[in-house]
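Residue numbers (the numbering used here), protein chains in the order written: chain V, 1 to 199; chain C, 1001 to 1199. See structure below.
Number of protein chains: 2
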Amino acid sequence: MGIAERKLRHKESIRIGILEAAWQLVITDGWQSLSIRKIADAIEYSIPVIYNHFENKEAILLEFTKEGFEKLAETLREVKTAHTDPAQQLAAMGDAYWDFAFDNKEYYQLMFGLGIPACDTVKKVPELQEMTALMISTIKEAIAGSKNPEADYFLKFHTYWSILHGLVSIQMIESGKPDVTKKMIVQDAMAGFTKALVD
Amino acid sequence: MGIAERKLRHKESIRIGILEAAWQLVITDGWQSLSIRKIADAIEYSIPVIYNHFENKEAILLEFTKEGFEKLAETLREVKTAHTDPAQQLAAMGDAYWDFAFDNKEYYQLMFGLGIPACDTVKKVPELQEMTALMISTIKEAIAGSKNPEADYFLKFHTYWSILHGLVSIQMIESGKPDVTKKMIVQDAMAGFTKALVD
DNA sequence: TATTTTAGTTAACAGTGTTAGCAAAAATAA
DNA sequence: TTATTTTTGCTAACACTGTTAACTAAAATA
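If you want it as structure tokens, here you go:
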């Protein structure tokens, strides 16, 4: 009997509808103004229906957080495989990281809780681990082929990520939009980091 | 007639009471849970009294934001004057920046909107300008005495600040508390930056 | 056809920032 | 000292927020 399947499909379609409606609202009005009531309004269902699909509002935000980290990880993975030299990979990944942040500002703000109350469960998100693992492996490879193969990879990874996140955060606070000349800052910072790492 | 003065003193004392009550609430429960009603409760006045002293909640937050930047600027100023060599100043200021962030976590989170809706008027705060001016001047001095005096001071300042803010932010997301070994990361990053700047 | 399960609803609770309208107290003027 | 005006602070409400209990109507099963 396909009844159960049809029901499941229907339930899934509502779930997707919730996420799509939420995303549309975020795009137009930002995370701040997203509310359960507005989502319910948009999908033309009553409020409690949303709670049949998500435990609470935070669960919806967590969904997008995961999605964001997944997208970022994918972006970095692609960029990494496009190069062979670890130093080049780090530079290209830095560039891609910056572009991702401003091409997907809503995602980035949610992922790192910039100006919004984000989920405190972020650090447990496996998609985040996936992204950091990608950075760590590249750092390790760069260190292995450097003049100082004894360097602490975790410390260097932390520095690498922090520089990137810091550049993005400060830029987002200052203007919100990425300045074309500002991309030089990333490249300069990345060059400095890689130089210190490899030499 | 000292009546006006007495009234002014009284009004001022309520204003201070509001800020002190708010701060106490933030210390115990965080920015998220701070509300006008709780403040009113704490100062034993009705809600509208608060609106006689502050235009809205954001104005109260802005007050603390300014206070935070003022404190940070003062800290950096002290540290700077304790050294003469610009490179040493940058290192010491980096250290002090890190310490400030974790010794005054509530301030720092508000100042940079980490996990909370912060005022979007931050960039206009003169106390922020004061702090950045301090960093910029030191960067300029370091560049002037370096082997590359033609370096773009604004770019370098941006990099310097971003590294610091990035390190702090990532650390706050990851654990909230500063790891003792993590301070090595700041010092490593600062050393790398200064080396790239001076050499 | 009768019964049970499921889906979706309304209405409420407890909280938020903010403000209009009113009462009482205090300061000023007569 | 009394009357008037100003200031001060209050109650109560509005329009939101996330969340949930209790109920109805529809659909699936026996």
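We treat Cβ as the ideally placed atom computed from N, Cα and C, and that holds for glycine.
- If you drop the 5 nearest sequence neighbours on each side, which residues of the same chain put their C-beta closer than 6 Å to that of C:Phe1089? The sequence as given places Gln at residue 1089 of chain C; Phe does not occur at that position. Here the set comprises Lys1080, His1083 and Thr1138.
- Query: From what residue to what residue does the alpha helix (DSSP H) around V:Ile136 run?
  - Reply: Counting along the chain, V:Ile136 sits inside the alpha helix (DSSP H) bounded by residues Pro126 to Ala144.
- Query: Going by Cα to Cα distance, which pick from V:Gly113, V:Thr132 and V:Val180 is closest to V:Lys71?
  - Reply: Closest by alpha carbon: V:Thr132.
- Closer than 7 Å: C:Phe1157 CB and nearest the ligand FMN heavy atom: Absence of the ligand FMN from the depicted structure is noted, as is the absence of any ligand whatsoever, leaving it without description.
- Item | Three-state secondary structure (DSSP) of V:Leu34 | Of the three classes helix, strand and coil, the one that applies to V:Leu34 here is coil, per DSSP.
- Query: Residues of chain V with CB under 9 Å from C:Ile1043, in chain order?
  - Reply: Near C:Ile1043 there are no residues of chain V at all, since even the closest Cβ is about 26 Å away, more than 9 Å.
- Task: Grab the span of the alpha helix (DSSP H) containing C:Trp1153 for me, first residue to last.
- Result: The amino acid at residue 1153 of chain C is misidentified as Trp; the sequence shows Tyr. C:Tyr1153 -> alpha helix (DSSP H) spans Tyr1153 to Glu1174.
- Sort out for me which residues DSSP pairs V:Leu114 with in a bridge. Answer is C:Leu1114.
- Identify, in the order they occur along the chain, each residue of the same chain with its Cβ nearer than 8 Å to the Cβ of C:His1053, setting aside the five sequence neighbours on each side. Exclusion of the five residues before and after C:His1053 leaves Lys1011, Ile1014, Arg1015 and Ile1018 as the residues of its chain whose Cβ lies within less than 8 Å of its Cβ.
- Item | Delimiting residues of the alpha helix (DSSP H) encompassing V:Glu67 | For V:Glu67, the uninterrupted alpha helix (DSSP H) run begins and ends at Lys57 to Thr81, by DSSP.
- For chain C, is any of its Cβ atoms less than 8 Å away from the one on V:Met131? Chain C, which has no Cβ nearer than 8 Å to the Cβ of V:Met131, makes this no.
- Message: Buried or exposed, going by whether 16 or more other CB atoms sit within 10 Å of the CB of C:Ala1189?
- Response: So C:Ala1189 ends up on the buried side.
- Between V:Ile39 and V:Ile50, which are expected to be in contact by the criterion C-beta below 8 Å, what is the C-beta distance as a whole number of angstroms? So it is a contact: roughly 6 Å between Cβ atoms.
- Query: Less than 8 Å separating the beta-carbons of C:Leu1110 and C:Gly1166?
  - Reply: The criterion of a C-beta distance shorter than 8 Å is not satisfied by C:Leu1110 and C:Gly1166.
- Task: Apply the 10 Å Cβ neighbour rule to V:Gly113 and answer buried if 16 or more other Cβ atoms are within range, or exposed otherwise.
- Result: Around the beta carbon of V:Gly113, a 10 Å sphere encloses 16 or more other beta carbons of the protein chains shown; the residue is thus reported as buried.
- Residue span of the alpha helix (DSSP H) that contains V:Val122, given as start and end: Premise fails: V:Val122 is in no alpha helix (DSSP H) and is neither H nor E.
- Message: Buried or exposed, going by whether 16 or more other CB atoms sit within 10 Å of the CB of V:Ala96?
- Response: That one is buried.
- Query: At what residues does the alpha helix (DSSP H) containing V:Phe102 begin and finish?
  - Reply: Pro86 to Asp103 is the extent of the alpha helix (DSSP H) around V:Phe102.
- Task: Inspect the beta-carbon positions of C:Lys1195 and V:Ala196 and report whether they are closer than 8 Å.
- Result: Judged by their CB atoms, C:Lys1195 and V:Ala196 are nearer to each other than the 8 Å cut-off.
- Within 8 Å, strictly: CB atoms of C:Val1198 and C:Ser1146: Taking C-beta atoms as the reference points, C:Val1198 and C:Ser1146 count as a pair closer than 8 Å.
- Message: Going by beta-carbon coordinates alone, are C:Leu1062 and C:Thr1121 separated by less than 8 Å?
- Response: Note that the C-beta distance between C:Leu1062 and C:Thr1121 is below 8 Å.
- Task: Just the chain V side, please: which residues come within less than 9 Å of C:Val1049 by C-beta, in chain order?
- Result: Within 9 Å Cβ-Cβ: nothing; C:Val1049 doesn't reach chain V, min ~27 Å.
- Query: How many Å lie between C:Asp1029 and V:Glu141 at the Cα?
  - Reply: Roughly 44 Å separates the two Cα atoms.
- Proximity of C:Ala1021 and C:Ala1042 at Cβ, strictly below 8 Å: Their beta carbons are under 8 Å apart, which means C:Ala1021 touches C:Ala1042 by this criterion.
- Item | Spatial neighbours of V:Tyr108 in its chain, beta-carbon cut-off 6 Å, leaving aside the 5 residues before and after | Listed in chain order, the non-local C-beta contacts of V:Tyr108 below 6 Å within the same chain comprise Ala101, local neighbours out to five positions each way being set aside.
- Message: I want to verify the contact list: residues of chain V whose CB lies under 8 Å from the CB of C:Ala1189, in sequence order.
- Response: Contact annotation for C:Ala1189 against chain V: Thr159, Ser162 and Ile163 [CB-CB distance below 8 Å, chain order].
- Message: With a threshold of 8 Å between beta-carbons, can V:Ser169 be considered close to chain C, or not?
- Response: So, interface residue.
- Message: Suppose contacts are defined by Cβ-Cβ distances below 8 Å. Is C:Gln1032 in contact with V:Pro117 by that definition?
- Response: With contacts defined by Cβ atoms closer than 8 Å, C:Gln1032 and V:Pro117 form a contacting pair.
- Task: Using a Cβ cut-off of 8 Å (strictly closer), state whether V:Phe64 contacts chain C.
- Result: The beta-carbon of V:Phe64 is placed no less than 8 Å from the nearest beta-carbon of chain C.
- the segment 1087-1115 of chain C: positions lying closer than 7 Å to chain V by Cβ: Taking 7 Å as the upper bound on Cβ-Cβ separation, chain V lies near residues Phe1112, Gly1113, Leu1114 and Gly1115 of the segment 1087-1115 of chain C.
- Query: DSSP state of C:Ser1046, grouped into three classes?
  - Reply: Reduced to three states, the DSSP call for C:Ser1046 is coil.
- Message: Comparing C-alpha positions only, which one of C:Lys1057, C:Asp1085 and C:Glu1130 sits nearest to C:Leu1076?
- Response: When only C-alpha atoms are compared, the closest one is C:Glu1130.
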